[in-house]
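*Asks:*
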Amino acid sequence: MTDFEFDAQIMDAVRNLNNVHEVETSWLEPDDLKTLFDRAYFVEVVDDADAFLIAMNEQSDHDGINYTWFKERYEQFAYIDRIVTDERARGQGLARSLYEALFDAANADGIGIVGCEINREPPNPGSEAFHQKMGFEMIAERELPNGKTVGYWVKQLG
């Protein structure tokens with residue numbers, strides 16, 4: 001996949017921001033983040049990790065349970081593995097900007113679908129509202145082996 005290079009300070013800041021939100025994202029050790037970056041289709045980090053987005057596509061060597069759900073259903077797609085905005089940077093449009101950058105990249109590569117999962121249990125109503133505003137629709141719901149329930153959301157591009 002694409003080679004995303006960030007200095008150690010940015011990598012630590014991204015991992016720390018991710019781990020503050022481990023309920024929504026899942027905990028990452030330093031090697032886990034490096035692996036995600038190595039497998040990613042798209043990575044964008046805002047400033048000094050005020051926000052970040054990591055996305056896979058159908059060619060990514062990724063085995064996450066939610067990514068696999070999309071891979072089993074779509075020939076070509078971009079999958080948002082995680083997006084996090086630091087609490088102090090919320091309300092500035094960073095998440096919207098990250099999504100728009102991903103949409104632009106996917107459109108340029110002929111990818112017509114962007115997908116993600118959003119926790120339903122425990123609930124994440126703020127994320128659901130944001131994704132609805134961004135044009136996503138929930139298409140399925142699934143209980144995972146860890147007891148979480150997620151909704152699968154897609155946005156058609158083009």
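Count the sequence shown with the numbering used here and you get residues 1 to 158, in order.
Here a beta-carbon is modelled for each residue, glycine too, at the ideal position from N, C-alpha and C.
In or out: Trp153 buried (at least 16 other Cβ within 10 Å) or exposed?
*Replies:* Buried.
*Asks:* By the three-class DSSP mapping on this structure, what secondary structure does Phe42 have?
*Replies:* Three-state DSSP puts Phe42 in a strand.
*Asks:* Work out the CA separation of Asp48 and Glu121 for me, nearest whole Å.
*Replies:* Distance between the alpha carbons of Glu121 and Asp48 is about 31 Å.
*Asks:* Could you work out which residue in Gln92, Gly91, Gly110 is closest to Phe77 when comparing CA atoms only?
*Replies:* Of Gln92, Gly91, Gly110, the residue nearest in Cα terms is Gly110.
*Asks:* Under 8 Å Cβ to Cβ from Val14, same chain only, skipping five residues before and after it: list those, please.
*Replies:* These residues qualify, in order along the chain: Phe6, Leu33, Val45, Ala49, Phe52.
*Asks:* Can you tell me which of Gly151, Glu141, Glu100, Gln132 puts its alpha carbon nearest to the alpha carbon of Gly158?
*Replies:* Considering only alpha carbons, the answer is Glu100.
*Asks:* Helix or strand or just coil, what does DSSP make of Leu157?
*Replies:* Leu157 falls in the coil class under three-state DSSP.
*Asks:* Pull up the distance between the alpha-carbon of Gly151 and that of Val114, whole angstroms please.
*Replies:* In a straight line, the C-alpha of Gly151 is about 14 Å away from that of Val114.
*Asks:* Between Val84, Ala129, His131, which lies nearest to Glu24 when the distance is taken from Cα to Cα?
*Replies:* Cα-wise, what sits closest to Glu24 is Val84.
*Asks:* Just the C-alpha distance for Val133 and Gly126, rounded to the nearest angstrom, thanks.
*Replies:* It should be pointed out that residue 133 corresponds to Lys in this sequence rather than to Val. Lys133 and Gly126: Cα-Cα distance of roughly 11 Å.
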